[in-house]
Amino acid sequence: MPEATFNSDYEFLKRQQRLSHDEIFRIAAAATTLGVSKLRLTGGEPLLDKNITGLIERLAALPGVADLALTTNGMLLEPVAQNLADAGLHRVTISLDSVSTEVFASMSGARGDLDRVLAGLEAAASAGLGPIKINAVVQKGVNDDGVLDLLQHFRGSGHIVRLIEFMDVGNRNGWRMDQVVPSRVLLEQVESRWPVRPVGKNYPGEVARRYEYIDGAGEIGFISSVTEPFCGDCSRARLSADGKLYTCLFANKGTDLRESLRSGADDQEITDILSSIWLQRADRYSELRRPDLAEHHVLKKVEMYRIGG
């Protein structure tokens, strides 16, 4: 999201274009009646919503919600971490690609503050918002030489670092296959310093392959959707702020639920729409990705800042 385009005056959506909390709650409630038990608030940056604790309270009270999480860049987390926990949030995931001040500044477009993010992380831990997961996207020639430093920083902390292959999400990140560091290469790097062993999945459809340090210093994960796609196990749907439901991170179109909500659809109709979308999904972008075809990653896809990870 280059600052030349997305400056402080850039208007993404007008208030009327965004779903209200009531509308988000209605869709989430419908999803839980279909068996959804995990809800995640993401973004963009969800903590920009100053009333997010009210939404969290409502979502946490939904029957069947076993896991209510939030993904954040951590910049606004420290002063609100306890309020989030008190509202019923279970845990947070923090996006943090490097613990090098210089690399972090570069990758955040000089708009991030590493110390603030780390302070937010510690505040979340103190508030009981764990286990905390730390998502790090690894790019060759950008932050790959600092992966072991990142892992060292969090070894023994109880926080789980997840190393994510650089993906061709959206149309703006300048993705090239030669910038991808395969998870198997990262695993070799890790094993060269610390012995690890694989751990089974926490739940069906979990996207990360889990490993634990043999010395007991904690757990790490690898998300390998470029080199080892897992479309067949995917159990995720994503709702954008303007009310579109996407069944794939790499989708180029979604289903407009906002129109149905504002046209008077009752709860059963919303539930039926969600069920129909899910049963008819056929997304296989990652499995069909052909690294040898230049055009595969320039096809227009929804931008990641609209639907999170």
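Just so you know, we're using my numbering here: the sequence shown kicks off at 1108 and counts up by one. For every residue, glycine included, the Cβ atom is placed at its ideal position computed from N, Cα and C.
Requested in this report: Would you mind sorting Asn1114 into buried or exposed? The rule is 16 or more other CB atoms within 10 Å of its CB.
Outcome: exposed
Query raised in the report: Taking the C-alpha atoms as reference points, what is the distance between Asp1252 and Leu1183?
Result: 28 Å
Report task. Have a look at Asn1158, Lys1360, Leu1146, Gly1181 and flag the residue whose alpha-carbon is nearest the alpha-carbon of Arg1388. Result -> Lys1360
Requested in this report: Pick helix, strand or coil for Ala1401, following the three-state DSSP scheme.
Outcome: Low confidence applies to Ala1401: its pLDDT is 41, below 50, so where it sits in the model is not reliable enough to give any reading.
Query raised in the report: Near Arg1198, which residues of its chain fall below 7 Å by C-beta distance, leaving aside the five closest residues on each side in sequence?
Result: Ala1176, Leu1236, Gly1237, Pro1238, Ile1239
Query raised in the report: What are the boundary residues of the beta strand (DSSP E) that includes Leu1270?
Result: 1267-1272
Query - Ser1299: first and last residue of the uninterrupted alpha helix (DSSP H) it sits in - result: 1290-1300
Query raised in the report: Of all the alpha helix (DSSP H) runs that stay within the bounds of the segment 1362-1387, which reach a length of 4 or more residues?
Result: 1364-1369, 1374-1386
Requested in this report: Just the C-alpha distance for Arg1147 and Thr1178, rounded to the nearest angstrom, thanks.
Outcome: 7 Å
Query - For Glu1152, three-class secondary structure by DSSP - result: coil
**Report entry** Option in Gln1259, Ile1330, Ile1414 with minimal Cα separation from Ala1358
**Finding:** Ile1414
**Report entry** Beta carbon of Asn1437 nearer than 9 Å to that of Ile1271
**Finding:** The question about residue 1437 has no answer, for the chain in this structure spans 1108 to 1416.
Report task. Specify the secondary structure class of Glu1326 as computed by DSSP and reduced to three states. Result -> strand
Report task. Using three-state DSSP, classify Leu1196 as helix, strand or coil. Result -> coil
Requested in this report: For Thr1208, I'd like the list of residues in its chain whose CB is within less than 7 Å of its CB, leaving aside the five on either flank, ordered along the chain.
Outcome: Leu1221
Requested in this report: Given a cut-off of 9 Å, decide if Arg1269 and Gly1328 are closer than it, judged by their beta-carbon atoms.
Outcome: yes
Requested in this report: Between the Cα of Leu1154 and those of Ala1135, Leu1196, Gly1350, spot the shortest distance and give me the residue it belongs to.
Outcome: Leu1196
Query raised in the report: Between Val1314 and Cys1341, what straight-line distance do the alpha-carbon atoms span, to the nearest angstrom?
Result: 8 Å
Query raised in the report: Are the beta-carbon atoms of Val1254 and Val1297 separated by less than 9 Å?
Result: yes
**Report entry** Through-space distance from Phe1119 to Arg1304, alpha-carbon basis
**Finding:** 44 Å
Query raised in the report: Span of the beta strand (DSSP E) holding Leu1209?
Result: What sits at residue 1209 in the sequence shown is Glu, not Leu. No beta strand (DSSP E) holds Glu1209; the alpha helix (DSSP H) holding it covers 1208-1214.
Query raised in the report: Since Leu1141 and Thr1378 are thought to touch, with beta carbons under 8 Å apart, how far apart are those beta carbons, to the nearest angstrom?
Result: 7 Å
Report task. On the DSSP bridge assignment, give the partners of Gln1124 in chain order. Result -> In DSSP, Gln1124 forms no bridge with anything.
Query raised in the report: So, is Gly1323 buried or exposed, given that buried needs 16 or more other C-beta atoms within 10 angstroms?
Result: exposed
**Report entry** Collapsed DSSP secondary structure at Leu1356 in the structure displayed
**Finding:** coil
Requested in this report: Buried or exposed for Leu1386, please, with buried defined as at least 16 other CB atoms from any protein chain shown within 10 angstroms of its CB.
Outcome: exposed
Query - Whole runs of the alpha helix (DSSP H) within the segment 1158-1188, excluding any shorter than 4 residues - result: 1159-1167
Query raised in the report: Does the beta-carbon distance from Glu1249 to Met1214 come in below 9 Å?
Result: Checking the displayed sequence, the identity of residue 1249 turns out to be Val instead of Glu. Cβ distance < 9 Å, so Val1249 and Met1214 count as in contact.
Query raised in the report: Alpha carbon to alpha carbon, what distance is there between Ile1267 and Arg1317?
Result: 10 Å
Query raised in the report: With 16 as the cutoff for other CB atoms within 10 Å, does Gly1161 come out buried or exposed?
Result: exposed
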